[in-house]
Each structure stands twice: as structure tokens, then as C-alpha cells.
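**Student:**
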Amino acid sequence: MRIVVMVSGSGTNLQSILDAAGAGLLDVEIAAVGADKECRGIDRARAAGLETFVVAPGDHPDRESWNRALEARLAALAPDYIVFAGFMRIVDARLVERFARRIVNTHPALLPAFPGAHGVRDALAYGVRITGVTVHFVDSGVDTGPIIEQAAVPVVEGDTEETLHERIKVQERSLLVTTIKHLSAAGLG
Ligand code: GRF
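If you read the sequence shown in UniProt numbering, its first letter stands for residue 1, the second for the next number, and so on.
1) I need the straight-line Cα distance from V138 to V4, nearest angstrom please.
2) Whole angstroms are fine: how far does the CA of G24 sit from the CA of T179?
3) Do the CB positions of V104 and F84 come within less than 9 angstroms of each other?
4) Tell me whether T106, by its Cβ, gets closer than 8 angstroms to a heavy atom of ligand 1.
5) Please work out which residues of its chain come closer than 7 angstroms, Cβ to Cβ, to E172, disregarding the five sequence neighbours upstream and downstream, and give them in chain order.
6) Pairs of beta-carbons, one from the stretch 90-103 and one from the stretch 19-34, closer than 8 angstroms: are there three or more?
7) List the DSSP bridge partners of I130.
8) Ligand 1 and V155: does any heavy atom of the ligand fall closer than 8 angstroms to the residue's C-beta?
9) Taking C-alpha atoms, which residue in R2, D143, E149, G116 lies nearest to I82?
10) Decide yes or no for the touch test of the stretch 107-126 against the stretch 33-50: beta carbon pairs closer than 8 angstroms, at least 3 of them.
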């Protein structure tokens, strides 16, 4: 199964995919790793000898041309799936349609609760005792696509956004690898 992984930050989810593939636990071909900016995730991909690309919003006059540039880049790579592993940009409906049910996103909360860019902070602020992580197909909404897998993560007394997010990411990394494995095994790509 041929995938492109999109990142925006530290890339620890990407690293878990790389490690699983390297250990022979995941039968995927990572065609490239892309990002909206230079980031640690891109550094990790380069260190692994993977093709990388950056499509930065600041290099385009508007959102429409940024989406079209990203869409063209992704299409040229002909992925079976695109994995948003901490990719923090919202892509438009045309791009989502182009890759309908082939974009997988991971979100650090139990959707539909706490969508958006601050799911961990919002869950903590709300005072939930249990939060978690969701892996879902991307649709034209924000964190609203069909759910594939979820895992629960307890909130611990004294948690900060950082300590809670780190606990979530432990679950998230393995859930993302498991999801990719299942998609590959299902012959869906
Ligand atoms: C992940 O928890 C992801 O769900 C969220 O940001 C984090 C990215 O972590 N959107 P990393 O870049 O994979 O380390």
C-alpha cells in the first residue's frame, strides 16, 4: 500500500509509522512526506531518506491556489492513502473529493467531542475524566469524517495540556499504525 504522510510539527506519529515499517510490522511504501512548513517531521523524513515536499500557504496568493498546488503534488505521487499525522491545515472540499475516503486523520480527542486545533486543551478545560484519540476519514468538515478507530485515555489529577497530550500520543501512535495496517490488510490500497 502506497501512502503519503502529511505533517506540521514534531512528527512523532510519522516516526511511529517509520519505525513500524522499518521493523517489518507495517507493509507500506511511503512515497513521500509532505508539510505546510519546514518542521521536525520533515527533518525525520529526510533522516530516513524519504522524499519530502513543503507546500507553504505563504508561497501562494490565496487558499484556493494553495489547495490546488497541494492537490497536484499529492495526485502526482498516486497514493492509495494520504495520512494526516499532525497536519494542521484544513484542505478544501475539492481536494477531499479528489481523494474521497482515502485521507486518514488522527485527532487527539474522542470525536465528535472537542474538534479543532485545540482538542487536548478543550477537553482538559471542560473537565472530562476520560478523553482519547480518534482516527477517521477526512470529509469536507473539520474533524467530522467517518470514524475508523478510537482509544480512551484517562485524565490524571494535575494534568497539564502537555502531560495529557503526551499520554494521548502514546495511544495515538499505536492506533495510527494499527489503522494503516488494517487498511492495507483489507486490500483497500
Ligand atoms: C498529534 O497529537 C495530532 O493528533 C495533533 O498534533 C499532534 C502531532 O504530533 N494534531 P506529532 O507531530 O505527530 O508529534
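For each residue, glycine too, the CB sits at the ideal point set by N, CA and C.
**Tutor:** Based on what the coordinates show:
1) Using only the alpha carbons, I get a separation of about 14 angstroms.
2) Distance from the CA atom of T179 to the CA atom of G24, rounded to whole angstroms, is 16 angstroms.
3) Going by C-beta atoms, V104 is nearer than 9 angstroms to F84.
4) At least one heavy atom of ligand 1 is nearer than 8 angstroms to the Cβ of T106, so yes.
5) Excluding positions up to five away in sequence, the list reads N13, T106, P108, V133.
6) In this structure the stretch 90-103 does not lie against the stretch 19-34, because fewer than three pairs of beta carbons, one per stretch, are closer than 8 angstroms.
7) DSSP lists P154 as the beta-bridge partner residues of I130.
8) V155 has its Cβ no nearer than 8 angstroms to any heavy atom of ligand 1.
9) Among R2, D143, E149, G116, the Cα nearest to that of I82 is on R2.
10) The stretch 107-126 vs the stretch 33-50: no contact.
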